[in-house]
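To start, the structure under review is shown below, and the notes come after it.
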Amino acid sequence: MDATVSESVRGRRLKKEEAVSLIMEAKRTSKKTYAQIANETGLTNVYVAQLLRRQAQLSPRSEPALRAAIPGLTSDLIEEMMTPPLRSYDSDILKDPCIYRLNEAVMHFGESIKDVINEDFGDGIMSAIDFYCSVKKVKGKDGKDRVVITFDGKYLPYAEQKTCNPFRISEFEPIFLLVERNSIKFRQMSIEINSRIVILLNMM
1 MDATVSESVR
11 GRRLKKEEAV
21 SLIMEAKRTS
31 KKTYAQIANE
41 TGLTNVYVAQ
51 LLRRQAQLSP
61 RSEPALRAAI
71 PGLTSDLIEE
81 MMTPPLRSYD
91 SDILKDPCIY
101 RLNEAVMHFG
111 ESIKDVINED
121 FGDGIMSAID
131 FYCSVKKVKG
141 KDGKDRVVIT
151 FDGKYLPYAE
161 QKTCNPFRIS
171 EFEPIFLLVE
181 RNSIKFRQMS
191 IEINSRIVIL
201 LNMM
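Going left to right, the sequence shown walks through residues 1 to 204 as UniProt numbering numbers them.
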């Protein structure tokens with residue numbers, strides 16, 4: 001067990017605020033910027049911040065690189081970061097001037113951005129799941145610093161909702177699966193059909 005983890009933390013699930021506090025302390029100890037960690041892990045700088053803020057799940061593929069980039073991340077913290085997070089935010093953060101201006105920009109430009117998306121892609125949205133975000137510092141023509149924020153999301157068209165659902169095995173016939181009566185699968189079972197998940201519960 002890592003010596004840097006207090007006895008009160010070991011062996012129990014951390015609350016999100018507690019985990020973030022310990023994770024951010026490990027980053028401060030490393031003296032590395034988000035950009036440096038991003039370069040070492042191959043992730044975007046914003047996604048690194050999302051991981052450290054417990055707004056994204058650390059994958060097994062990225063775990064070794066992040067552990068090497070931030071040596072202060074203990075095994076307990078890494079384990080916590082590899083669990084699905086509760087993605088949330090405190091509404092008070094909208095009062096922060098930096099975040100408020102970002103929100104203001106989206107509100108004021110949102111309708112125009114939607115018009116362009118609809119014109120170029122059709123009736124749909126930009127995914128915030130199949131999504132990449134990064135922040136870049138550049139120099140303007142006047143030599144002053146400028147902020148470049150990139151949102152790169154998959155286009156998702158709205159589906160036409162017809163009475164015949166093409167993703168069901170049969171429109172009228174129920175799904176019957178043969179499983180052991182007392183097994184976990186009997187009580188809760190899922191099958192994947194054309195990338196759609198159909199959950200069958202309480203098959204008594």
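We put the beta carbon where it would ideally sit given N, CA and C, even for glycine.
I need the straight-line Cα distance from Cys-98 to Lys-139, nearest angstrom please. 19 Å
Note down the Cα distance separating Glu-171 from Lys-162, rounded to an integer number of angstroms. Only weak support is given to the placement of Glu-171: the predicted model assigns it a pLDDT of 47, under 50, and the question is left unresolved by the model.
Looking only at its own chain, which residues have a Cβ that is under 6 Å from the Cβ of Ala-26, when we skip the five neighbours before and after it? Around Ala-26: Ile-70, Gly-72, Leu-73.
First and last residue of the alpha helix (DSSP H) that includes Pro-84? Element bounds for Pro-84: n/a, residue is neither H nor E.
Presumed contact (8 Å Cβ cut-off) between Val-135 and Asn-45, rounded CB distance: 6 Å
Could you give the distance in angstroms between the alpha-carbon of Ser-21 and the alpha-carbon of Ile-113? 36 Å
If you reduce the DSSP assignment to three classes, tell me which class Met-107 lands in. helix
Go ahead and label Glu-119 buried or exposed: buried means 16 or more other beta carbons lie within 10 angstroms of its beta carbon, across all protein chains shown. exposed
Inter-residue CB distance, Leu-14 and Thr-41 (contact presumed, cutoff 8 Å): Not confirmed; about 22 Å, so no contact.
Report buried or exposed for Pro-64, applying the criterion of at least 16 other Cβ atoms within 10 angstroms of its Cβ. exposed
Taking Cβ positions, are Arg-61 and Leu-86 nearer each other than 9 Å? If you check the CB distance, Arg-61 and Leu-86 do not come in under 9 Å.
Proximity to Phe-121 [Cα-Cα], best of Leu-52, Lys-32, Lys-144, Gly-153: Gly-153
May I ask which residues mark the beginning and end of the beta strand (DSSP E) holding Thr-150? 145-157
Report the residue from Glu-18, Asn-103, Gly-124, Ile-23 whose alpha carbon sits nearest the alpha carbon of Tyr-158. Here the closest residue by C-alpha is Gly-124.
Determine, using beta carbons only, whether Ser-127 and Tyr-155 come nearer to each other than 9 Å. yes
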